[in-house]
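>
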Amino acid sequence: MPVADGNITSWADEVDDIEEKKSIPPPTEVIENGLKIVTEYQYKDDKLLKVVRTYKIENRKVPKSIAVRKTLKKFGKSTNDKPGPNPATTLIGEDVHMQFITNKEEIDKPDDDTLEKLKNAGGVVKCRNCNGDHWTLKCPYKGSALVNRQEEKKIVPGLDDKTKPAAGKYIPPSLREGALKKEGGATMQRPGLDGTAIRISNLSESTEEQDLEQLVKPFGQTSKLFLARDKITNLCKGFAYVHFKNKEDGERAIAKLNGYGYDHLILSADWSKPQGQN
Amino acid sequence: MKPIILQGHERSITKIVYNREGDLLFSSAKDKTINVWFSLNGERLGTFDGHNGAVWGIDVDWQTTKLVSGGADNTIRLWDCLTGVELGCLSTQSAVRTSKFSYSGTSIAYSTDAALKQNCEIFLGDVRGDNLRNPYMTLPVRDSKVTALLWGEVDELLIAGFENGEISQWDLRMAKEVNNICEHNNSINDMQTSKDGTLFVTASKDNTAKLFDIDTLECLKCYKTERPVNSAALSPVYEHVVLGGGQEARDVTTTSTRAGKFDARFFHLIFEEEFGRVKGHFGPINSLAFHPDGKSFSSGGEDGFVRVHTFDQSYLDYRFDVGS
Numbered sequence: 001m002p003v004a005d006g007n008i009t010s011w012a013d014e015v016d017d018i019e020e021k022k023s024i025p026p027p028t029e030v031i032e033n034g035l036k037i038v039t040e041y042q043y044k045d046d047k048l049l050k051v052v053r054t055y056k057i058e059n060r061k062v063p064k065s066i067a068v069r070k071t072l073k074k075f076g077k078s079t080n081d082k083p084g085p086n087p088a089t090t091l092i093g094e095d096v097h098m099q100f101i102t103n104k105e106e107i108d109k110p111d112d113d114t115l116e117k118l119k120n121a122g123g124v125v126k127c128r129n130c131n132g133d134h135w136t137l138k139c140p141y142k143g144s145a146l147v148n149r150q151e152e153k154k155i156v157p158g159l160d161d162k163t164k165p166a167a168g169k170y171i172p173p174s175l176r177e178g179a180l181k182k183e184g185g186a187t188m189q190r191p192g193l194d195g196t197a198i199r200i201s202n203l204s205e206s207t208e209e210q211d212l213e214q215l216v217k218p219f220g221q222t223s224k225l226f227l228a229r230d231k232i233t234n235l236c237k238g239f240a241y242v243h244f245k246n247k248e249d250g251e252r253a254i255a256k257l258n259g260y261g262y263d264h265l266i267l268s269a270d271w272s273k274p275q276g277q278n
Numbered sequence: 001m002k003p004i005i006l007q008g009h010e011r012s013i014t015k016i017v018y019n020r021e022g023d024l025l026f027s028s029a030k031d032k033t034i035n036v037w038f039s040l041n042g043e044r045l046g047t048f049d050g051h052n053g054a055v056w057g058i059d060v061d062w063q064t065t066k067l068v069s070g071g072a073d074n075t076i077r078l079w080d081c082l083t084g085v086e087l088g089c090l091s092t093q094s095a096v097r098t099s100k101f102s103y104s105g106t107s108i109a110y111s112t113d114a115a116l117k118q119n120c121e122i123f124l125g126d127v128r129g130d131n132l133r134n135p136y137m138t139l140p141v142r143d144s145k146v147t148a149l150l151w152g153e154v155d156e157l158l159i160a161g162f163e164n165g166e167i168s169q170w171d172l173r174m175a176k177e178v179n180n181i182c183e184h185n186n187s188i189n190d191m192q193t194s195k196d197g198t199l200f201v202t203a204s205k206d207n208t209a210k211l212f213d214i215d216t217l218e219c220l221k222c223y224k225t226e227r228p229v230n231s232a233a234l235s236p237v238y239e240h241v242v243l244g245g246g247q248e249a250r251d252v253t254t255t256s257t258r259a260g261k262f263d264a265r266f267f268h269l270i271f272e273e274e275f276g277r278v279k280g281h282f283g284p285i286n287s288l289a290f291h292p293d294g295k296s297f298s299s300g301g302e303d304g305f306v307r308v309h310t311f312d313q314s315y316l317d318y319r320f321d322v323g324s
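Protein chains in written order, with the UniProt record's numbering: chain F, 1 to 278; chain E, 1 to 324.
1. Against chain F, does D31(E) count as a neighbour if the rule is that its beta carbon must be under 8 Å from one of theirs?
2. Just grab the DSSP bridge partners of I24(F) for me.
3. So, do the segment 241-256 of chain F and the segment 52-61 of chain F have three or more beta carbon pairs nearer to each other than 8 Å?
4. How many angstroms separate the CA atom of Y43(F) from the CA atom of L158(E)?
5. L257(F) by DSSP, collapsed to three states: which one?
6. Going by C-alpha distance, which of N19(E), D171(E), L199(E) and Q169(E) is nearest P292(E)?
7. With 8 Å as the threshold, decide whether the Cβ of K2(E) is near any Cβ in chain F.
8. In whole angstroms, give me the CA-to-CA distance for V237(E) and V308(E).
9. With contact counted as at least three CB pairs below 8 Å, one residue from each stretch, are the segment 68-77 of chain F and the segment 63-83 of chain E in contact?
10. Can you tell me which of the three DSSP states Q313(E) falls into?
11. In the DSSP output, which residue or residues are listed as bridge partners for W271(F)?
12. Can you check DSSP and say which residues form a bridge with F275(E)?
13. Counting only beta-carbon separations shorter than 8 Å, does I101(F) have a partner in chain E?
14. Using CA coordinates, which residue listed in S168(E), F320(E) and L24(E) is at the minimum distance from E239(E)?
15. Work out the CA separation of G238(F) and C130(F) for me, nearest whole Å.
16. So, with DSSP's three-state summary, where would you put V141(E)?
17. For V51(F) and chain E, any beta-carbon pair shorter than 8 Å?
18. Can you list, in chain order, the residues of its chain whose CB lies under 7 Å from that of T310(E), leaving out five sequence neighbours each side?
19. Alpha helix (DSSP H) containing I66(F): first to last residue?
20. DSSP puts W56(E) in a beta bridge; with which residues?
21. Helix, strand or coil for G76(F), going by three-state DSSP, please let me know.
22. How about the segment 20-29 of chain E and the segment 27-46 of chain F: do they share at least three Cβ pairs that are nearer than 8 Å?
23. Using the beta-carbon count (16 or more within 10 Å), is S206(F) buried or exposed?
24. Taking only beta-carbon atoms, is N86(F) less than 8 Å away from chain E?
25. In chain order, what residues of the same chain lie with their CB nearer than 7 Å to the CB of I232(F), ignoring the 5 residues before and after it?
26. Closest to I270(E) by C-alpha separation, out of K279(E), V242(E), S231(E) and G283(E), would be which residue?
27. Below 8 Å, can you find three or more Cβ-Cβ pairs linking the segment 124-136 of chain E to the segment 161-170 of chain E?
28. Spatial neighbours of L67(E) within its chain, please: CB distance less than 6 Å, with the 5 preceding and 5 following residues excluded, ordered by chain position.
29. With 16 as the cutoff for other CB atoms within 10 Å, does S272(F) come out buried or exposed?
30. So with Cβ pairs under 8 Å, would you call T47(E) a contact of chain F?
31. Which residues of chain B have a Cβ atom closer than 7 Å to the Cβ of T83(E), listed in chain order?
32. Just checking, does the segment 93-103 of chain E make contact with the segment 130-143 of chain E on the three C-beta pairs under 8 Å criterion?
33. Taking Cβ positions only, does L72(F) come closer than 8 Å to chain E?
34. Check the Cβ of V96(F) against every Cβ in chain E and list those closer than 7 Å, keeping chain order.
35. What does G42(E) touch in chain F if you count any residue whose Cβ is under 7 Å from its own?
36. What do you get for T193(E), buried or exposed, if any count of 16 or more other CB atoms within 10 angstroms of its CB means buried?
Have a look at this one:
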């Protein structure tokens, strides 16, 4: 109600006037390139808010019966609704995804597909750690002793394509590299299962079983891992024993890990000696 | 997927149904109104106003011309689907719990609750000529209450699920009960047929959903969960079943509020194994329906919302791994 002629108005009317003075721009509706853009203004907590809703207009071919129903007049409580969804009754929810419970690989498939394509393109994908044909980020030897060493191939002969998990093909242990050699010499001098155990020392306090496993996994199969922990603090005491299934694996691990820098410390590795000699 | 949330009810949803083509979605709630929505964009086409109490059961005929609804105001009403005009209204002795159109759309079946001295009964009515006449047949129910109703093949069979977990089958030509089984040990909340009408799935308060042959009532499969199942629907295109439920509304405040209890859960029809879940509701799901093209589904919950989900490509591409 506008204030006119200097008439005395009640304070309630004045409040109304102030409300009116904060004029709200009229809502606009623009339709362009298949998009309907509705702009509305509203006050909320004394601030002018601009609400922009963008609708995509789609043309679909539908059976005649559906097309007829699409042109129906709205009725009941929707009689006065404009064409298109009314924001008061129709909302767009937050994005939800179906959580698949089994078969998690299926979801990752698109990733593999790009990898597959690049693989086929030839030599595009090359791991900077181990030169395998996978992303560096997904290197199975990530964080292990073999990372980023050029001499890797020379020292670790067993780590050719055959034993890489990525190669996929299963090779029985008896046919694996090293198995033949063992028959010749190693079996004679092997004192027992203990002979395949190595001791790794100067590990950092924060080392966990998983770290250890990751560290020694590339050298071959292990039968037992033991990480010495402090009884009270439960932190790593600085050394660990690893029992390999093959002595050759142990040899390689020693050759590699002795003097290897791990977690800001330099490890030392040697065969595990009977108690008292250590 | 971004679900469309339909906010047309003030109280909990009791039932949602798609029409045969799937372009319209009807929803009823405990708040007297029935809404109809375009399933594609969530636009509300209209409301059916007239009931004076909670609406328990709605159904639409195959031509999408008529809607039947039964409610707690002791009435069964017939509506023109497309204009919202009430075509007829019949009073009953007690609340109407379920109402269903026959496949041909010429008859309706509805059941009333047992109340006071009133026994539970099933009525069959003729709806040709666009009005509601007095029922032509009444089937007495012995001791329990009908909670779900289904028409069998070529309108000859009627199948009812009871509050005590029994399922009965009537041959309508003889008006005689021909089969009765007791596979569930608690109330049957919902029954829905497969697209070809040869199978149906039950949802029961005993935490299971079961698949039956509609003819022999042989129990074929069982889908186990750890909470009451309020609704179950069969995918029209894949061998999938979706189950929705949760604790009863009145128990929600007194038990754990751990998230994930109100998901829609997808089971493989044959292997009976759950493979996926869709979150969203913050109350139990009361009714579920698959779009007839199988590419979207909707759920109505105790929270009063209807959520229309259009499946992502990852669901459509999903193949159940038999080996695992």
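Ideal Cβ placement from N, Cα and C applies to all residues, glycine included.
Since the structure is predicted, the reported quantities are computational estimates derived from the model, not experimental observations.
Here's the rundown:
1. By 1-based counting over the second sequence, the position of residue 31(E) is 31. Taking Cβ atoms only, chain F never reaches closer than 8 Å to D31(E), which makes this a no.
2. Stepping through the first sequence from its first residue, residue 24(F) is reached at position 24. Paired residue(s): none; I24(F) is not in a bridge.
3. Output reads no: the segment 52-61 of chain F does not touch the segment 241-256 of chain F.
4. Taking the first residue of the first sequence as position 1, residue 43(F) is located at position 43. Taking the first residue of the second sequence as position 1, residue 158(E) is located at position 158. The straight-line gap from Cα to Cα measures roughly 57 Å.
5. Position 257 of the first sequence, counted from the first residue, corresponds to residue 257(F). Of the three classes helix, strand and coil, the one that applies to L257(F) here is helix, per DSSP.
6. For the purposes of this step, residue 292(E) is taken as residue 292 along the second sequence, with counting starting at 1. In this structure, N19(E) is the residue among N19(E), D171(E), L199(E) and Q169(E) with its C-alpha nearest to the C-alpha of P292(E).
7. Here the question's residue 2(E) lines up with position 2 in the second sequence. Yes, K2(E) counts as interfacial toward chain F.
8. As a position in the second sequence, residue 237(E) is number 237, starting the count at 1. As a position in the second sequence, residue 308(E) is number 308, starting the count at 1. Distance between the alpha carbons of V237(E) and V308(E): 18 Å.
9. yes
10. As a working mapping, residue 313(E) is identified with position 313 in the second sequence. Q313(E): helix per DSSP, three-state reduction.
11. Residue mapping note: residue 271(F) aligns to position 271 of the first sequence, counting from 1. According to DSSP, W271(F) bridges with I198(F).
12. Numbered from its first residue, the second sequence carries residue 275(E) at position 275. DSSP output for F275(E) lists no bridge partner at all.
13. Position 101 of the first sequence, counted from the start, is the residue given in the question as residue 101(F). Yes, because at least one Cβ of chain E sits closer than 8 Å to the Cβ of I101(F).
14. Working through the second sequence from its first residue, we reach residue 239(E) at position 239. Of the listed residues, the one whose Cα sits closest to E239(E) is F320(E).
15. Counting from 1 along the first sequence, the entry for residue 130(F) is found at position 130. Counting from 1 along the first sequence, the entry for residue 238(F) is found at position 238. Their backbone Cα atoms lie some 28 Å apart in a straight line.
16. What you label residue 141(E) is simply residue 141 of the second sequence in a count that begins at 1. It is coil, neither helix nor strand.
17. Numbered from its first residue, the first sequence carries residue 51(F) at position 51. It does not; no Cβ of chain E falls within 8 Å.
18. Your numbering for residue 310(E) matches position 310 in the second sequence. M1, K295 and S296, listed in sequence order.
19. Looking up residue 66(F) in the first sequence gives position 66. It spans K64 to K70 - the alpha helix (DSSP H) in which I66(F) sits, taken as one unbroken run.
20. Residue numbering aside, residue 56(E) sits at position 56 when the second sequence is read from its first letter. Per DSSP, none; premise fails for W56(E).
21. On the first sequence, residue 76(F) is found 76 positions in, with the first residue counted as 1. The answer is helix: DSSP assigns G76(F) an H, G or I state.
22. Contact fails between the segment 20-29 of chain E and the segment 27-46 of chain F, because fewer than three Cβ pairs, one in each stretch, are under 8 Å apart.
23. What you label residue 206(F) is simply residue 206 of the first sequence in a count that begins at 1. With fewer than 16 other Cβ atoms from the protein chains shown falling within 10 Å of its own Cβ, S206(F) counts as exposed.
24. Against the first sequence, residue 86(F) aligns to sequence position 86. So, interface residue.
25. As a working mapping, residue 232(F) is identified with position 232 in the first sequence. Closer than 7 Å at Cβ, skipping near neighbours: no residue.
26. To locate residue 270(E), count along the second sequence from 1; it is residue 270. That would be V242(E), whose Cα lies nearest to the Cα of I270(E).
27. no
28. As a working note, residue 67(E) is residue 67 in the second sequence. Taken in chain order, the residues that qualify are V60, W79 and C81.
29. Taking the first sequence and counting its residues from 1, the one referred to as residue 272(F) is at position 272. It counts as buried.
30. Translated into positions along the second sequence, residue 47(E) becomes position 47. So yes, T47(E) belongs to the interface.
31. Chain labels in this structure do not include chain B; the protein chains are F and E.
32. no
33. Along the first sequence, one-based indexing puts residue 72(F) at 72. Yes, because at least one Cβ of chain E sits closer than 8 Å to the Cβ of L72(F).
34. As a working mapping, residue 96(F) is identified with position 96 in the first sequence. Under the 7 Å cutoff, chain E gives M1, P3, V278, K279 and G280.
35. The residue given as residue 42(E) occupies position 42 in the second sequence. Here the neighbours are P85 and T90.
36. Sequence index remark: in the second sequence, residue 193(E) carries index 193 (1-based). Under this definition T193(E) is a buried residue.
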